[in-house]
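First comes the structure, then the notes that go with it.
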Amino acid sequence: MDDSPAQPVPVHYFDSSREALVAGLKAAPWLVKPNRRELEIWAGRKLPEMKDVIDAAHALREQGIAHVVISLGEEGALWVNASGEWIAKPPSVEVVSTVGAGDSMVGGLIYGLLMRESSEHTLRLATAVAALAVSQSNVGITDRTQLAAMMARVDLQPFN
Numbered sequence: 001m002d003d004s005p006a007q008p009v010p011v012h013y014f015d016s017s018r019e020a021l022v023a024g025l026k027a028a029p030w031l032v033k034p035n036r037r038e039l040e041i042w043a044g045r046k047l048p049e050m051k052d053v054i055d056a057a058h059a060l061r062e063q064g065i066a067h068v069v070i071s072l073g074e075e076g077a078l079w080v081n082a083s084g085e086w087i088a089k090p091p092s093v094e095v096v097s098t099v100g101a102g103d104s105m106v107g108g109l110i111y112g113l114l115m116r117e118s119s120e121h122t123l124r125l126a127t128a129v130a131a132l133a134v135s136q137s138n139v140g141i142t143d144r145t146q147l148a149a150m151m152a153r154v155d156l157q158p159f160n
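All residue numbers for the sequence shown refer to UniProt numbering, where the first residue is 1 and numbers rise by one.
If you want it as structure tokens, here you go:
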């Protein structure tokens, strides 16, 4: 990612579902974050293997979408962009509520991108924020030490 202050980071992202997802993806936003089921709806077929998910993510990139992040629930997230493909797996946590987990992930993604962090750091951050979100009943991250500890426990690997 270019660290030049002369180039602002675009923040056109899209996170929706069903027909709105299919319609919105036609606008080629800069960042999308569907879950696996939503990606299957867009693709018009089941995506049983990770390779199928990655192929569908690349098909979205071919439509002009720079960053495709697929949330995979407790399996983590996949990010496909010009820099490559990464799989982030969160640590096992006790799930209190899944409400807001996807929004938390989007918040972590946008924060990392706006701070011009690397794709790897940003995906690790977003995955940790989502993991913390499902492990509590309240909203927000107030303890940076807790966030740093969760980030350290995220398993992040390039997809081969």
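By construction, the Cβ of each residue, glycine as well, lies at the ideal position given by its N, Cα and C atoms.
Inter-stretch contact (C-beta, 8 Å, three-pair minimum) for the segment 80 to 92 and the segment 119 to 133: Short answer: they touch.
First and last residue of the uninterrupted beta strand (DSSP E) at E85: For E85, the enclosing beta strand (DSSP E) covers residues G84 to K89.
Nearest-angstrom Cβ-Cβ length linking A43 and A66, presumed shorter than 8 Å: Their Cβ separation, rounded to whole angstroms, is 19 Å, which puts A43 and A66 out of contact at 8 Å.
V69 classed as buried or exposed, judged by whether at least 16 other C-beta atoms fall within 10 angstroms: Classification of V69: buried, given that the 10 Å Cβ count is 16 or more.
Exposure label - L114; buried when at least 16 CB within 10 Å: Residue environment analysis places L114 among the exposed positions, since fewer than 16 neighbouring C-beta atoms fall within 10 angstroms of its C-beta.
Coarse secondary structure for D143, derived from DSSP in three states: Of the three classes helix, strand and coil, the one that applies to D143 here is coil, per DSSP.
Assigned secondary structure, W30 (DSSP; H/G/I helix, E/B strand, else coil): Three-state DSSP puts W30 in coil, outside helix and strand.
Where the beta strand (DSSP E) through A77 begins and ends: It spans A77 to N81 - the beta strand (DSSP E) in which A77 sits, taken as one unbroken run.
Meets three-Cβ-pair contact criterion under 8 Å: the segment 105 to 123 and the segment 47 to 62: The segment 105 to 123, when compared against the segment 47 to 62, does not touch it at the 8 Å Cβ threshold.
Buried/exposed call for S97, threshold 16 Cβ in 10 Å: S97 should be labelled exposed.
Beta strand (DSSP E) segment containing I70, residue limits: For I70, the enclosing beta strand (DSSP E) stretches over residues H67 to S71.
Cα-Cα separation between G73 and M50, rounded to whole angstroms: Rounded to whole angstroms, the gap between the alpha carbons of G73 and M50 is 13 Å.
Whole-Å CB distance - A28 paired with G64, under 8 Å assumed: The C-beta separation of A28 from G64 comes to about 4 Å, placing the pair in contact by the 8 Å criterion.
Bridge-paired residues (DSSP) for N160: None; N160 has no bridge partner.
Status (buried if at least 16 other CB within 10 Å, exposed otherwise) for G140: Per the 10 Å Cβ criterion, exposed.
Of the residues D143, L47, L31 and V80, the one placed nearest S160, counting alpha carbons only: It is worth fixing the name first, because residue 160 is Asn in this sequence and not Ser. When C-alpha distances from N160 are compared across D143, L47, L31 and V80, the shortest belongs to V80.
Terminal residues of the alpha helix (DSSP H) in which S104 lies: First-last of the alpha helix (DSSP H) with S104: A101 to L114.
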